[in-house]
Amino acid sequence: MHEPNRTITTPATRFGDPIHRLRPVEPHTVLLPTEVPPGVDWVTLPNGIRTLAYTHPHPTPIPETEPVRAEGIPRWAKTTALLAPTVGGGIAAAGFGISYAAPGLIAMTEALWAAIALIAAGTLAPLLLRAGSSGGHRGGPVHHITQNITATGLFGKATGTFNNR
Numbered sequence: 000m001h002e003p004n005r006t007i008t009t010p011a012t013r014f015g016d017p018i019h020r021l022r023p024v025e026p027h028t029v030l031l032p033t034e035v036p037p038g039v040d041w042v043t044l045p046n047g048i049r050t051l052a053y054t055h056p057h058p059t060p061i062p063e064t065e066p067v068r069a070e071g072i073p074r075w076a077k078t079t080a081l082l083a084p085t086v087g088g089g090i091a092a093a094g095f096g097i098s099y100a101a102p103g104l105i106a107m108t109e110a111l112w113a114a115i116a117l118i119a120a121g122t123l124a125p126l127l128l129r130a131g132s133s134g135g136h137r138g139g140p141v142h143h144i145t146q147n148i149t150a151t152g153l154f155g156k157a158t159g160t161f162n163n164r
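The letter at position 26 of the sequence shown is residue 25 when you use numbering that gives the first Met the number 0, and the numbering goes up by one with no holes.
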């Protein structure tokens, strides 16, 4: 079967289409060689058309310079770098030790308060006993015992006498 030739008409090829209508050729602007900006040059495209295009400038050779000498690390920087972990480790060890010593310190403060209470009781007990025994003592005669103690120096040997009346 053979089909006859038909003309296919699409919206893009219809007469009067404003998008695909042929436009008149405008005259090209001609540039003189002195008007061409830097970085633009005449190039030939693969299809043979010559046109202006941006080109990469040729790299300028860099003059050889003397290599830069690397300076050593200053002594203060080395010292600081070595001391930083040492100081940090010392602080960490101190915190660790204090955390372990805290219960002992609490126990020592309680023992100190107990010693203060014992001293206070030893000082106040004779006063309270004397005040309680002065009124209306029943029984035999009251005996008074006195003691004289003498010592020389802070750690000197003490001597004393007892008097029983």
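The beta carbon of each residue, even a glycine, is placed where N, CA and C say it ideally should be. As the structure is a prediction and not an experimental result, all values here were calculated from the model.
Nearest residue (CA-CA) to Tyr53, options Asp40, Thr64, Pro62, Asn46: Asp40
In three-state DSSP terms, what is Ile148? strand
How big is the Cα-Cα spacing for Arg129 and Pro102? 41 Å
State the CB to CB distance for the pair Pro58 and Gly38, rounded to an integer number of angstroms; the pair is presumed to be in contact (CB under 8 Å). Incorrect: roughly 13 Å between the Cβ atoms, too far for contact.
8 Å Cβ cutoff met for Thr149 and Thr158: yes
So, using beta-carbon positions, are Val42 and Thr50 closer together than 8 Å? yes
Taking just the CA atoms, how far does Phe161 sit from His143? 10 Å
As assigned by DSSP and simplified to three states, the class of Phe154: coil
How big is the Cα-Cα spacing for Ala114 and Ala106? 12 Å
I need the boundaries of the beta strand (DSSP E) containing Val42, first residue and last residue. 39 to 43
CA-to-CA distance, Pro66 to Ile48, given in whole angstroms: 48 Å
Tell me which same chain residues have a C-beta within less than 6 Å of the C-beta of Ala100, skipping the five on either side of it? none
Just reading off the beta strand (DSSP E) that Arg49 is part of, what are its end residues? 49 to 53
Starting from Thr160, follow its DSSP beta bridges and name the residues at the other end. Asn147
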